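J.:
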Amino acid sequence: MAESDNYWLRRKVSRRSALRGSALAGMGAATYALVGCGDDDDDDDGGNGGGVLPTAQASPTAAKTPVAGGSFSFQISSNPPSLDPYTQTSFVTAYNHGLSYSKLFRFKAGTPDVAPADNTMETDLASAMPEQPDPLTFIIKIKPGAKFQNVAPVNGRAVTSDDIVYALDRYKNFEKSVHKTSLSFVDKLEKVDAGTVKITTKLPYADFVNYLGGNIGAWISPKELAESPDAATKMVGSGPFILDEFKTGVSLKYKKNPDYFDKPYPYFDDVTAFVVTDQAKRVADFSSKQVNLTWLFLPTERDQLKKERSDAKSEETQGIGQYIYLRTDRPPFNDKRVRQAISMGLNRPAIRAAISKGEGVDEQLYHVGFPFARQVKDLPAAQAKLWQHNIAEAKKLMAAAIGEGKTIDTTWDHADAAIYTQAYVDTATLAQAQLKEIGINIKDQTAPYAQYISTTYQGQYEGMGHSPRAVPYWLDFVTERFTMKPARGRINLSYVNDPKLEDLLDKQRGQFKQEERLQTVKQIEELVAEEQYEIYFSTDTRTYFWDKDIENYRPTAWFPYTHLMKTWRGKA
Amino acid sequence: MAQYLAKRLLASLLVLFVISILVFVAVRAIPGDVCRIVLATPDVDEAQCAAIREELGLDDNVATQYVKYMGGVLTGDWGKQLISKRDVWTEIRSRIPLTLELTVLATGFAILIAIPIGVISAVKQDTPIDYVLRFVSIGWLSIPGFWLGTMLIVFPGKWWGYTPPVGYVDFWEDPLKNLEQLYLPAFSLGLALSASLARVMRSAMLEVFRQDYIRTARAKGLREYSIIVHHALKNSMIPVITLFGLQVGVLFGGTVVLEGIYSLPGLGLLTFQAVTIKDYPQVQGVVLFFAAVLVTINLLVDLSYAWFDPRIRYS
Amino acid sequence: MATQAVTNPVPVADLRRRPGRSASLRRIARKKPVGAIAAVICLLLILIAISADLLAPQGANQIDPLKNPRLLSPSLSHPFGTDNLFRDVFTRIVIGSRISLGVGFTAVFIGTVIGASLGIVSGYFRGKTDLVVSRAMEVVLGFPPLVLAIFILAIFNTSKGYSFRSFLLLSFAIGVIIAPTTARIVRGSALSIRNLQYVEAAESIGNTSFGIMRRHVLPNVVAPIIVIASIQIGNAILAEAALSFLGLGISDAYHPSWGTMLQEGRPVWLEAWWMSVIPGAAIAFAVLSFNLFGDALRDVLDPRLRQSS
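Protein chains in written order, with the working numbering: chain X, 1 to 572; chain Y, 1001 to 1315; chain S, 2001 to 2309.
(1) Checking contacts by CB at 8 Å: is Phe545 (chain X) closer than that to chain Y?
(2) Does the Cβ-Cβ distance between Val1154 (chain Y) and Leu2270 (chain S) come in under 8 Å?
(3) What's the C-alpha gap between Trp558 (chain X) and Asp118 (chain X)?
(4) Anything in chain Y within Cβ reach of Val2040 (chain S), meaning under 9 Å, just list it in chain order.
(5) Say whether chain Y places a C-beta atom closer than 8 Å to the C-beta of Ile2250 (chain S).
(6) Identify each residue in the segment 2141-2161 of chain S for which the Cβ-Cβ distance to at least one residue of chain X is less than 7 Å, and report them in chain order.
(7) Suppose you measure from the CA of Ala417 (chain X) to the CA of Val67 (chain X); what does that come to, to the nearest Å?
(8) At 7 Å on the CB atoms, spell out the chain S contacts of Leu430 (chain X), in chain order.
(9) Quick one: list the residues of chain X neighbouring Val2034 (chain S), beta-carbon separation under 9 Å, in chain order.
(10) Helix or strand or just coil, what does DSSP make of Lys188 (chain X)?
(11) Is the Cβ-Cβ distance between Leu99 (chain X) and Tyr533 (chain X) less than 8 Å?
(12) Rounded to the nearest angstrom, what separates Gln149 (chain X) and Glu1173 (chain Y) at their Cα positions?
(13) With 8 Å as the threshold, decide whether the Cβ of Gln460 (chain X) is near any Cβ in chain Y.
(14) Is Ala417 (chain X) close to chain S? Criterion is C-beta to C-beta, closer than 8 Å.
(15) Would you mind working out which of X:Ala433, X:Ala280, X:Thr446 and X:Met464 sits nearest Phe2086 (chain S), comparing C-alpha positions?
(16) Can you give the Cα-Cα distance for Val521 (chain X) and Met2275 (chain S), rounded to whole angstroms?
(17) Given Trp219 (chain X), which residues of its chain have a CB within under 8 Å of its CB, disregarding the five upstream and five downstream residues?
(18) Tell me whether the beta-carbon of Pro1144 (chain Y) lies closer than 8 Å to the beta-carbon of Ala2284 (chain S).
(19) CA-CA distance, Tyr449 (chain X) and Ile419 (chain X)?
(20) In or out: Ser2204 (chain S) buried (at least 16 other Cβ within 10 Å) or exposed?
(21) Out of Y:Ser1236, Y:Leu1269, Y:Ala1292 and Y:Thr1099, which has the shortest C-alpha to C-alpha gap to Leu2246 (chain S)?
(22) Mark Ser2166 (chain S) as exposed unless 16 or more other C-beta atoms lie within 10 angstroms of its C-beta, in which case mark it buried.
(23) What's the C-alpha gap between Arg374 (chain X) and Phe274 (chain X)?
(24) Can you tell me which of X:Ile199, X:Val154, X:Met121 and X:Asp503 puts its alpha carbon nearest to the alpha carbon of Ala210 (chain X)?
(25) Tell me whether Lys253 (chain X) sits in a helix, a strand or coil according to DSSP, three-state version.
(26) Kindly indicate which three-state DSSP category Glu1173 (chain Y) falls into: helix, strand or coil?
(27) Leaving out five residues on either side along the sequence, give the residues of the same chain with a beta carbon under 6 Å from the beta carbon of Leu1337 (chain Y).
(28) Considering only residues of the same chain and omitting the five flanking positions on each side of Val1295 (chain Y), which have a CB-CB separation below 7 Å?
(29) Check whether the segment 263-283 of chain X and the segment 327-340 of chain X touch, using three or more Cβ-Cβ pairs below 8 Å as the test.
(30) Within 8 Å, do at least three Cβ pairs link the segment 2080-2095 of chain S to the segment 2251-2267 of chain S?
(31) Say whether chain S places a C-beta atom closer than 8 Å to the C-beta of Leu493 (chain X).
(32) Using DSSP bridges, identify the partner residues of Val271 (chain X).
(33) Pull up the distance between the alpha-carbon of Asp444 (chain X) and that of Val2034 (chain S), whole angstroms please.
(34) Using 8 Å as the limit for Cβ to Cβ distance, is Thr410 (chain X) near chain Y?
(35) What residues are listed by DSSP as bridge partners for Leu2238 (chain S)?
(36) Does DSSP put Glu404 (chain X) in a helix, in a strand, or in coil?
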């Protein structure tokens, strides 16, 4: 299928810095399953796969001329705990990092011609995609005019290769860095000259550009700030907007960086991110036209907002899915049949009906949202059927695994609704009730978020648990989920230890040839589907809303909001 | 009087001392590994943890830690937040005005509602008006503030597209906008207080009406209005103040919920967020601060009796 | 003490020697019709909470898309509608009363036992004991009540989901914030008993302090204890609801509480009014009934208490 190759095709194009354009991105968009059709509320989720983008924003608006000036505001759902990129992985922080900091590369997404989950990269501080004299060496040149913002402590000095080496080294080696393992592919960081960096990797690493263009462990924050006491409360980078004021728990106010290296951006004079923790208040604030952009609303809230703000633009995106992890290293979940039974015992459509009005992409594997990612229906039939609600079959598997008429008593750990939202907790409630029917009796164990993250999410749990899964922007992300080499992967919560899988993971990591890597990914998908190491729920739909006169904006699954620099407010 | 004052002050200090020990010890029992909380990632190693524990001074014994901590508190160093490294005291101080304003506004609402109800109820004792007013105020006492507060966001937004302005501004920056942001939570917070106040007002007034000096005033032919305002109201202030002293704490507690719902960056929200992310230096600081305020208010309440009722003698 | 003017010794109403109890009940009911109705409602609420499992038409967590389609508005078959997870809201309100009222009562019980014991002891012994108890109560009053409960729960509640331990802990956290009020009022009453001659007589013939407190002081402070406890039930229910709303409660899918139901239903408040109105109204209704009952009880048993609570 053509769609399978799209991602790679676009990668290639992008790396050659040629032929960028809406035509290809449009194809990418078409294969990315956006669900729900425009304004109507019908329950038809036939948008799965192959559907054409429903909303008008999809058509490129290149004809319009940008207007500089004006102000813009959006909402974030919690207060960034710390702004220091070296010691944080918080997504709320990442939204904001994107406004003030730059990286070597950045997501192309965020403008109308790129689909929300399209992870194509473009250059940011780098002047071009890296040159690769051999599979282990990457040479990157910095854009000649790149400089930091004209604010203390850097006062507008140039961004040099020293800054790049410093930042990446700090991510990799600083004692309190939380990005050490992710950057373990890096072997040596060398300055060639003031404008050139040479990075050597330990192994051929096909995700090099995607990792360094992503939202964690890649921001170039200058030494002067990183080692000052203000690191957690200030941002001074080379990005399009200057952080003017950070009122804890209230807002982050930005003003235009007039010296931004990437002309003609940015367009807005000032941008404000309001911290609004209460979901009802976020809806109300946009209804009463107090913010220009708001996001991630489930269908119920979406319909409400559409009624109240019929003037606003909106787009539905595929929401974040959730998955069950379980102790595959000990009974009873070390038996594949039990895991398969669990998957067949889940009534995914019923969960979707309860939470997102039946909308969402019902069946996906671990690569949520990627254009190339296969949906379950494209898997071999023997595996695809594991996603179908089939109590009889599930009971048969259970009987074969643990004996006729026997049941399993286990626990299910998860966080409360404070950070992960009520839909997350509701999913557990529904799933537990469904699994009871196939003889799995679950004790629900809710913990406060902080406790969950510091215990269960570290692998300290007994039976089962569930978590949301982020949309990974680099393919090798799966390694962290499934590896035991050299130690349990960062989020290998299922304690997967499968040599066959490890071999495949090792293989794909070094495959620079797209078609080849994709073949390996397919094998991984099928293996994971068969084994049900993680059991996936459907994704829901999440809608973004923005003012009608906002131009050149589009939702994206990626957290940095650098692309706001390309957005402007048309004269209505 | 001076002796009483000194004794009372000393007692308050003692109470604060005990509170500080309790809080300090309790906070150290928060479950969960501190370094995992600080790093907020599954990706930690022992060296990182050791460095963090050392930085936080967690390797000393508890007594040493306490002495160090209290030394810091007295000299203005309340420690740093776990994750953002903000100064705990600066953070508390910057949030005082908002919570103070919210409590004052709530009390204002409560008084505005309670005085007329209390007075009318007392004057019209045991008439249908009295019964209705008493029933109404007991009704208010029964409405959860957080429920009212949330409904006041959700439904005006749904019906009329109205919400208070987003992004908190300081009173001095833009008084009108500030008040528009605060009146809904203040009302939700003050309603229950108004009910208790009205009840206390009513019975206190009734009590006062029975006193000799009121009878004297009536006998002198003073107008009823004048009697109520000049004599009865002032003299019924003591139970009202007592109640207020007890209710300030309740108001502070209410701010935890309402500031959260309305995204108001006050002490209540600070408390709740600190508890949520287990930022224990901040939890410790803010709880200690609340305690200091309440103990001081209770002291002032005690002393104010003298002003309102000269008959009280301090022994 | 300086605050004598406020905590006046309360005249004693001795419950033991009142003749014709049922007759006097009828008389009270005629005099206080609202209170009497409230009393009946409170009794009903308690009965509902006790027999919740029998009364509830379904299981608390019976997820049944066929029987309970998503978000049905109230009707004959679902008097309070259904929620977004295919459950019957009436069922959950009925079963939710177990935690909402159960915690309320247990908290008041704990608070009353602690508060009354301390009040009696400090009123009886006076002097140093009184001073220590008073300071201890000031320590508790030094915390904003809800903040103290949050603090206790955040630190000590390690249960994930409902457990008997967490039920007791939550009740204790609320009980602690209730205790000082009880202690203050009981102390006042105990002080006045202490000064009576028969207590001195009992002392002089060699009765132990504990014996005197149990046989002479306690029976004489029962009235204020009952009154103050009944008045505090409403507050305890509200505190439980607020804590549950904040996510610090103890309920889970099988053990709902009204405060948690309000919080959990928030995503669909706009879509389904009954998800916001009904749990809130249940809380307000229960609290109102107990408040009215407590109010009437106070007028009957101990009118002078009106001032100090």
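All C-beta atoms in this analysis are idealised placements derived from N, C-alpha and C, irrespective of residue type, glycine included. Everything numeric in this text was worked out from a predicted model, so none of it was measured.
T.: Quick look at the numbers:
(1) Position 545 of the first sequence holds residue 545 (chain X). Judged by the 8 Å Cβ criterion, Phe545 (chain X) is not in contact with chain Y.
(2) On the second sequence, residue 1154 (chain Y) is found 154 positions in, with the first residue counted as 1. On the third sequence, residue 2270 (chain S) is found 270 positions in, with the first residue counted as 1. Taking 8 Å as the Cβ cut-off, Val1154 (chain Y) and Leu2270 (chain S) qualify as a contacting pair.
(3) In the first sequence, residue 558 (chain X) corresponds to position 558, counting from 1. In the first sequence, residue 118 (chain X) corresponds to position 118, counting from 1. In a straight line, the C-alpha of Trp558 (chain X) is about 9 Å away from that of Asp118 (chain X).
(4) Along the third sequence, read from residue 1 onward, the residue named residue 2040 (chain S) stands at position 40. Per Cβ cutoff of 9 Å: no residues; Val2040 (chain S) is ~17 Å from chain Y at best.
(5) Your numbering for residue 2250 (chain S) matches position 250 in the third sequence. No, Ile2250 (chain S) does not count as interfacial toward chain Y.
(6) Lys2160 and Gly2161
(7) Taking the first sequence and counting its residues from 1, one reaches residue 417 (chain X) at position 417. Taking the first sequence and counting its residues from 1, one reaches residue 67 (chain X) at position 67. Straight-line Cα distance between these residues: approximately 41 Å.
(8) Mapped onto the first sequence, residue 430 (chain X) falls at position 430. Residues of chain S passing the Cβ test: Ile2063 and Leu2085.
(9) Against the third sequence, residue 2034 (chain S) aligns to sequence position 34. What Val2034 (chain S) touches in chain X: nothing, since even the nearest Cβ is about 36 Å away.
(10) Within the first sequence, residue 188 (chain X) is the residue found at index 188, counting from 1. In this structure, Lys188 (chain X) counts as strand in the three-state DSSP scheme.
(11) Numbered from 1 along the first sequence, position 99 holds the residue referred to as residue 99 (chain X). Numbered from 1 along the first sequence, position 533 holds the residue referred to as residue 533 (chain X). No.
(12) Stepping through the first sequence from its first residue, residue 149 (chain X) is reached at position 149. Stepping through the second sequence from its first residue, residue 1173 (chain Y) is reached at position 173. Their backbone Cα atoms lie some 28 Å apart in a straight line.
(13) Against the first sequence, residue 460 (chain X) aligns to sequence position 460. For Gln460 (chain X), the answer is no, since every Cβ of chain Y falls outside 8 Å of its Cβ.
(14) By 1-based counting over the first sequence, the position of residue 417 (chain X) is 417. Ala417 (chain X) counts as touching chain S.
(15) As a position in the third sequence, residue 2086 (chain S) is number 86, starting the count at 1. The shortest Cα separation from Phe2086 (chain S) among X:Ala433, X:Ala280, X:Thr446 and X:Met464 belongs to X:Ala433.
(16) Within the first sequence, the letter at position 521 stands for residue 521 (chain X). Within the third sequence, the letter at position 275 stands for residue 2275 (chain S). C-alpha separation (whole angstroms): 45 Å.
(17) Looking up residue 219 (chain X) in the first sequence gives position 219. Once the five neighbours on either side are set aside, the close Cβ partners of Trp219 (chain X) are Pro85, His97, Tyr101, Ser102, Lys103, Ala167 and Gly237.
(18) Taking the first residue of the second sequence as 1, we reach residue 1144 (chain Y) at position 144. Taking the first residue of the third sequence as 1, we reach residue 2284 (chain S) at position 284. Yes.
(19) For the purposes of this step, residue 449 (chain X) is identified with residue 449 of the first sequence, where counting begins at 1. For the purposes of this step, residue 419 (chain X) is identified with residue 419 of the first sequence, where counting begins at 1. Taking the straight line joining both Cα atoms gives about 7 Å.
(20) Residue mapping note: residue 2204 (chain S) aligns to position 204 of the third sequence, counting from 1. Ser2204 (chain S) comes out exposed.
(21) Position 246 of the third sequence holds residue 2246 (chain S). Taking only the C-alpha atoms, the option nearest Leu2246 (chain S) is Y:Leu1269.
(22) By 1-based counting over the third sequence, the position of residue 2166 (chain S) is 166. It is buried - the Cβ of Ser2166 (chain S) has at least 16 other Cβ atoms within 10 Å.
(23) Translated into the one-based positions of the first sequence, residue 374 (chain X) becomes position 374. Translated into the one-based positions of the first sequence, residue 274 (chain X) becomes position 274. Looking at the two C-alpha atoms, the distance is approximately 37 Å.
(24) As a first step, residue 210 (chain X) must be located in the first sequence, where it is residue number 210. Looking at the sequence shown, residue 210 (chain X) is not Ala but Asn. Nearest C-alpha to Asn210 (chain X): X:Met121.
(25) Along the first sequence, one-based indexing puts residue 253 (chain X) at 253. Three-state DSSP puts Lys253 (chain X) in a strand.
(26) Within the second sequence, residue 1173 (chain Y) is the residue found at index 173, counting from 1. It is coil, neither helix nor strand.
(27) Nothing about residue 1337 (chain Y) can be reported from this structure: the residues present for chain Y run from 1001 to 1315 only.
(28) Translated into the one-based positions of the second sequence, residue 1295 (chain Y) becomes position 295. Around Val1295 (chain Y): Ser1012, Val1015 and Leu1016.
(29) no
(30) yes
(31) Counting from 1 along the first sequence, the entry for residue 493 (chain X) is found at position 493. Answer no: the Cβ-Cβ gap between Leu493 (chain X) and chain S never drops below 8 Å.
(32) One-based indexing of the first sequence puts residue 271 (chain X) at position 271. Beta-bridge pairing links Val271 (chain X) to X:Phe72 and X:Tyr254.
(33) Counting from one through the first sequence, the residue named residue 444 (chain X) turns up at place 444. Counting from one through the third sequence, the residue named residue 2034 (chain S) turns up at place 34. So the alpha carbons of these two residues sit roughly 43 Å apart.
(34) Residue numbering aside, residue 410 (chain X) sits at position 410 when the first sequence is read from its first letter. With 8 Å as the cut-off, Thr410 (chain X) does not count as an interface residue toward chain Y.
(35) For the purposes of this step, residue 2238 (chain S) is taken as the residue at position 238 of the third sequence. Bridge partners of Leu2238 (chain S): none, in fact.
(36) The residue you call residue 404 (chain X) lines up with position 404 of the first sequence. Glu404 (chain X) falls in the coil class under three-state DSSP.
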